[in-house]
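**Student:** So the sequence shown is numbered by this note's numbering: it starts at 107 and just counts up by one.
Note that beta-carbon positions come from the ideal geometry of N, C-alpha and C, so glycine has one too.
Predicted model only: the values in this text are computed from it and were never measured.
Right, I'll just put the structure down here and ask away after.
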Amino acid sequence: MSSALSRSNNIQAQDLYANKLRTQLRLLWRKVLERRAPQVAVWIDAPVSIALPSGQDATPFLQALNIWFQLLGIINENADARSDRLIESECGATSVSGSFAKALESIAPDIDAFAKIAEKLSVGPTITAHPTEAKRVTVLEIHRRIYRNLATLEADRWTPNERSLLLTKLESEIDLLWMTGELRLARPTLPDEIEWGLQFFRDSLFDAVPQVYDSFDQATHRHFGKVIDARPDIKFHSWIGGDRDGNPNVTCDITKLALRRGKDTAVSRHISDIDKAAAHLSVSQNIMVFPEPHHTRIKAIIERNGNSTRNQGEPIRQALTSISNVLKNEGYANVSRYEADLITIESALYSIDADLIAKLYIRPILRRAQIFGFRTTTLDIRQNSSVTTRALEDIWSTSNEPKPEYGTQEWSNRLRHELANPILPNMALCPLKPEARELLNLLELQNCTRHSTDPNAIGPFILSMTRSTDDLLGVYLLARYAGFGTETLDIQIVPLFETIEDLRNAPRILADLIEVPLVRRSLNSRGRRMEIMLGYSDSNKDGGFICSTWELHSAQRNILQTLRSFNMKPAFFHGRGGSVSRGGAPTGRAISAQPEGTIEGMMRTTEQGEVVSAKYANRGTATAQIELLAASALLHTTKVTNDHVSPEFESAFEALSGLSQTAYSALLNSDCFVDYFQQASPVEELAYLKIGSRPSRRFGVTNLSDLRAIPWVFAWSQNRHLITGWYGFGSAIESFLKFRGDQGRLVLHDMFSQSDLFRLIVDEVEKSLFQTDITIAADYASLVTNKDTRTRIFNLVSDEYNRACDGIRFLTGSSCLGARFPKFQARFERIRSDIDHVHALQVTLLRSARHDGKKRDLIPLLQSMNTISAGLGWTG
């Protein structure tokens, strides 16, 4: 059977399988409704579409639809995983998209060249607790059980009675979803969020990541005939308990708690692994004799903290028991000693020809030790530049010298003078305000953790809203005050460029930074590599989707060129979210579209809220997602050219970016636009939805500029405007064609067929337009009390929507939005009617709540937000 025919058959099989699952779960869902809410079951069975009841009567209907949307998501995940398995079974691993095997077949390198590439391949998914996860942890656990039960049900070996029992289990889980409810009764605390993040490691990631290494080994063995020694470096980071930007609840005590819980979680898993291995490895020295020096090394482990009277004659079991005791007593000075003991046992097993046993029982434990250490994740620290500036102002106010004003030449001079000064005042003796003292305590904690049992437990200091070189130098000086050193500082300070202006200024900011001797020495000591974080959310909010996408692309190229002039390399950290307007494009394609030379084997990206749940709640999906990230970074690094932007294309991109930003800015700067946004969306009511510990505004300010990007996107998705994913695109295409005529048409069509970046933009804009509904948007617009404001702003949105649709049809040649993405289209069409009913109800609830000022309908209103989020598959 040909590969193409087999793949076609697989698509048909996947559709049949997904349909079967939907039928089964819908029957079970309906059975639950018959018992719990019979009126909803009647509504579902109605031969014609009926509007939802309003007020409190809507609660069971919203709850039912929310559960159904959740079940559809689980079905889709299960069907996608099964599809990959079928493709691998029928066509081979090289046919699975996003796999190491397919990447190796595509690039076909020689073994020596590939080993060098693999050595520098490093990916770092970073889990954040940004308030975009509207589902409770309890609900996520029920989801995992449903997913596992569906996977179990997939087997053909069950008898009718056994299958009936499995279906009963599934029905009970759906019933539990109903009885649990999806709304949080209280806003999650930071300890809650810390445990939320760690739960993904306990449930799936501790097992998934070693499986990614197995997949890498299998792919290299298949391609080269042997396993190579070099492997990707997969290290998870976390912001939970370390990100204090705009969240005053994140204190040093919370950061210490996050570090402690990360260590406890990792060590607990190591102990469990070791104890299980000890229970299995009953290797008798009367049967197998370990040669020297293996015997002596095993004996040393046993004598360190073992009970030599137990399991006598079984040295491997005794050694593992000793290791377990050391772990329980926190006896390892550092994680390297633990890894060395595991390597000793692995080598000893190899020495007696027990390779299979070593690979099955010890290798996974060793890999978990190498990946997760005594930390689980590397905890990043993030703070806003305004906080670091105020801390310096406070510190300088305690000296006898005049305090300079921020942004002046005197401020810059003072920074550079202090950085060059070998002796600085003792901050412990300075009377500082609580904010400055807290920041110095944080930096001291960061320094101390670098010398703990696992130096990788603490990550970089990320400075959000980096707008000048002085902002970064301020953190270097604060680090000096906190005791990091004099000549070089053992701290990684990462600028976060978020606005369009900051992205454009980034190369100059970094060039001026590297000119400072202390900074240059510190970067040299870190391998001459500088990590730079790029903010997708705020740049989109600032300039619109098309403009921000191009500016992010340009910034990377310009930063790369700047750092190369100093013989340094960038390591870009991509601050992506779930929706396309926050950088949430398909992983493989998004990486492929990055500028040439900007990855070089290193890829770090944030994973936020519902994205964490979607990618990492289940082991199979987690394994595939991490492999996809690593394989995509590998492909990008090994390509000779990666979407090289020709001068003609660059000129077109610049023009489109500027035109789209002009249209987008005109909308945001329109009179009464803020009034329209606040009234035509549930952005104000979002504060009642308890989905995160962090405030929706950075510093309690009520203007649009200080509103976080996440609620900005959330609100525009709730009212089905979705302007963050397409506004400005239509005007840009229309104006470009008007100015450049036939030549412009040729250029745009060439870009669509040849440029990965432009094709990605067009595809994601089309998907956003497909989910936009102008009729529903008009219903939300009707909530705006001022008629002139309502008409003017909505007409701008509606007209731009029509222009964007025309632009898509011109570029793609397709008359039907979404037709180029049949799976995406079909999945949304299945819920369209139901989610449209929820939107209509939400408009009614918003109007009622705002009219009488009472909160009697608050529960159904919040339920409607959760239900819409579940239907769209993301919140922000």
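1) Can you pull the DSSP bridge partners for V229?
2) Could you tell me if S975 is buried or exposed, where buried requires 16 or more neighbouring beta carbons within 10 angstroms of its beta carbon?
3) If C911 sits next to L875, beta carbons under 8 angstroms apart, how far is it from one beta carbon to the other, in whole angstroms?
4) Kindly list the residues whose CB is nearer than 8 angstroms to the CB of S920, restricted to its own chain and excluding five residues on each side of it in sequence; keep chain order.
5) Which residues share a DSSP beta bridge with N490?
6) Between the alpha carbons of N825 and S195, how many angstroms are there, rounded?
7) By Cβ distance, which residues of its chain are closer than 7 angstroms to L609, with the 5 residues on each side in sequence left out?
8) Kindly identify the DSSP beta-bridge partner or partners of R1017.
9) My assumption, with CB atoms under 8 angstroms, is that A588 sits in contact with N553. Please give the rounded CB distance.
10) Just how far apart, CA to CA, sit E550 and L304?
11) In chain order, what residues of the same chain have a beta carbon less than 8 angstroms from the beta carbon of L283, not counting five sequence neighbours either side?
12) The beta strand (DSSP E) with I599 in it runs from where to where?
13) With C-beta atoms as the reference, is W818 less than 7 angstroms away from V871?
14) For R474 and E268, I'd like the C-alpha separation in whole angstroms.
15) When the Cβ atoms of the segment 306 to 325 are set against those of the segment 443 to 450, are three or more pairs found closer than 8 angstroms?
16) For L988 versus L968, is the C-beta spacing smaller than 7 angstroms?
17) In chain order, what residues of the same chain have a beta carbon less than 8 angstroms from the beta carbon of T693, not counting five sequence neighbours either side?
18) Pull up the distance between the alpha-carbon of I468 and that of L210, whole angstroms please.
19) Where does T234 fall in DSSP's three states?
20) For the segment 535 to 547 and the segment 456 to 467, state whether three or more C-beta atom pairs, one from each stretch, are separated by less than 8 angstroms.
21) Would A815 pass as a contact of V789 if the rule is Cβ separation under 7 angstroms?
22) Can you have a look at V333 and say buried or exposed, based on whether 16 or more other CB atoms are within 10 angstroms of its CB?
23) Quick check on the DSSP output: what are the complete alpha helix (DSSP H) runs of length 4 or more inside the segment 358 to 419, in order along the chain?
24) So what does DSSP say about D885, is it helix, strand or coil?
25) Looking only at C-alpha atoms, which of D879, I941, L272, V890 sits nearest to E906?
26) If you count every other CB in all the chains shown that lies within 10 Å of the CB of I156, and 16 or more means buried, which is it?
27) Suppose you measure from the CA of Y722 to the CA of R251; what does that come to, to the nearest Å?
28) Return helix, strand or coil for D963, following the three-state DSSP convention.
29) My output table needs one value for G836: the three-state DSSP class, helix, strand or coil.
30) How about A384 and R423: do their beta carbons lie closer than 7 angstroms?
31) Start and end of the alpha helix (DSSP H) containing K929?
32) Just list the residues that DSSP pairs Q714 with in beta bridges.
33) Just checking my contact of H680 with T711 at CB under 8 angstroms: how many whole Å lie between their CB atoms?
34) Which of helix, strand or coil does DSSP assign to D447?
35) Is there contact here, the segment 526 to 542 with the segment 564 to 576, by at least three beta-carbon pairs under 8 angstroms?
36) Apply the 10 Å Cβ neighbour rule to G352 and answer buried if 16 or more other Cβ atoms are within range, or exposed otherwise.
**Tutor:** Answer, in terms of the structure:
1) Position 123 of the sequence shown holds residue 229. Answer by DSSP bridge pairing, in chain order: I340, M709.
2) Here residue 975 is taken as the residue at index 869 of the sequence shown, counted from 1. Its Cβ being crowded by 16 or more others within 10 Å, S975 is buried.
3) Residue numbering aside, residue 911 sits at position 805 when the sequence shown is read from its first letter. Residue numbering aside, residue 875 sits at position 769 when the sequence shown is read from its first letter. Confirmed, Cβ separation roughly 6 angstroms.
4) Taking the first residue of the sequence shown as 1, we reach residue 920 at position 814. Answer for S920: I914, R926, listed in chain order.
5) Start at 1 with the first residue of the sequence shown, and residue 490 comes out as number 384. Note: N490 sits in a beta bridge opposite S570.
6) In the sequence shown, the residue the question calls residue 825 occupies position 719. In the sequence shown, the residue the question calls residue 195 occupies position 89. Looking at the two C-alpha atoms, the distance is approximately 43 angstroms.
7) Taking the first residue of the sequence shown as position 1, residue 609 is located at position 503. Cβ neighbours of L609 beyond the five flanking positions: F603, S645, E657, L658, A661.
8) The displayed coordinates of the chain run from 107 to 982. Any statement about residue 1017 would go beyond what the structure contains.
9) Sequence index remark: in the sequence shown, residue 588 carries index 482 (1-based). Sequence index remark: in the sequence shown, residue 553 carries index 447 (1-based). About 6 angstroms; that satisfies the 8 angstroms criterion.
10) Residue mapping note: residue 550 aligns to position 444 of the sequence shown, counting from 1. Residue mapping note: residue 304 aligns to position 198 of the sequence shown, counting from 1. Cα to Cα, the separation comes out at about 25 angstroms.
11) As a position in the sequence shown, residue 283 is number 177, starting the count at 1. The residues are I173, Q176, V245, I248.
12) Here residue 599 refers to the residue found at position 493 when the sequence shown is read from its first residue. That run of the beta strand (DSSP E) goes 599 to 603.
13) The residue you call residue 818 lines up with position 712 of the sequence shown. The residue you call residue 871 lines up with position 765 of the sequence shown. No. Outside cutoff.
14) Position 368 of the sequence shown holds residue 474. Position 162 of the sequence shown holds residue 268. Distance between the alpha carbons of R474 and E268: 36 angstroms.
15) no
16) A question about residue 988 goes unanswered here, because the residues of the chain that appear run from 107 up to 982.
17) Translated into the one-based positions of the sequence shown, residue 693 becomes position 587. Once the five neighbours on either side are set aside, the close Cβ partners of T693 are G204, Q731, L734, L735, S738.
18) Stepping through the sequence shown from its first residue, residue 468 is reached at position 362. Stepping through the sequence shown from its first residue, residue 210 is reached at position 104. Roughly 28 angstroms between the two C-alpha positions.
19) Working through the sequence shown from its first residue, we reach residue 234 at position 128. In the structure shown, T234 sits in a strand (DSSP, three-state: E or B).
20) no
21) Within the sequence shown, the letter at position 709 stands for residue 815. Within the sequence shown, the letter at position 683 stands for residue 789. No. Outside cutoff.
22) Within the sequence shown, numbered from 1, the residue matching residue 333 stands at position 227. Its Cβ having fewer than 16 others within 10 Å, V333 is exposed.
23) 358 to 386, 400 to 411
24) As a position in the sequence shown, residue 885 is number 779, starting the count at 1. Here D885 sits in helix by DSSP.
25) On the sequence shown, residue 906 is found 800 positions in, with the first residue counted as 1. Per the Cα distances, D879.
26) Taking the sequence shown and counting its residues from 1, one reaches residue 156 at position 50. By the 10 Å Cβ count, I156 comes out exposed.
27) Counting from one through the sequence shown, the residue named residue 722 turns up at place 616. Counting from one through the sequence shown, the residue named residue 251 turns up at place 145. Answer to the nearest angstrom: the Cα atoms are 14 angstroms apart.
28) Here residue 963 refers to the residue found at position 857 of the sequence shown. Coil.
29) Walking along the sequence shown from the start, residue 836 turns up at place 730. Three-state DSSP puts G836 in a helix.
30) Locating residue 384 in the sequence shown gives position 278, where the first residue counts as 1. Locating residue 423 in the sequence shown gives position 317, where the first residue counts as 1. In contact: A384 and R423 (Cβ atoms closer than 7 angstroms).
31) Taking the first residue of the sequence shown as 1, we reach residue 929 at position 823. Note, K929: alpha helix (DSSP H), 928 to 958.
32) In the sequence shown, counting from the first residue as 1, residue 714 sits at position 608. According to DSSP, Q714 bridges with T234.
33) Here residue 680 refers to the residue found at position 574 of the sequence shown. Here residue 711 refers to the residue found at position 605 of the sequence shown. Going by Cβ atoms, the distance from H680 to T711 rounds to 4 angstroms, so yes, they are a contact pair.
34) Within the sequence shown, the letter at position 341 stands for residue 447. In this structure, D447 counts as helix in the three-state DSSP scheme.
35) no
36) Walking along the sequence shown from the start, residue 352 turns up at place 246. By the 10 Å Cβ count, G352 comes out buried.
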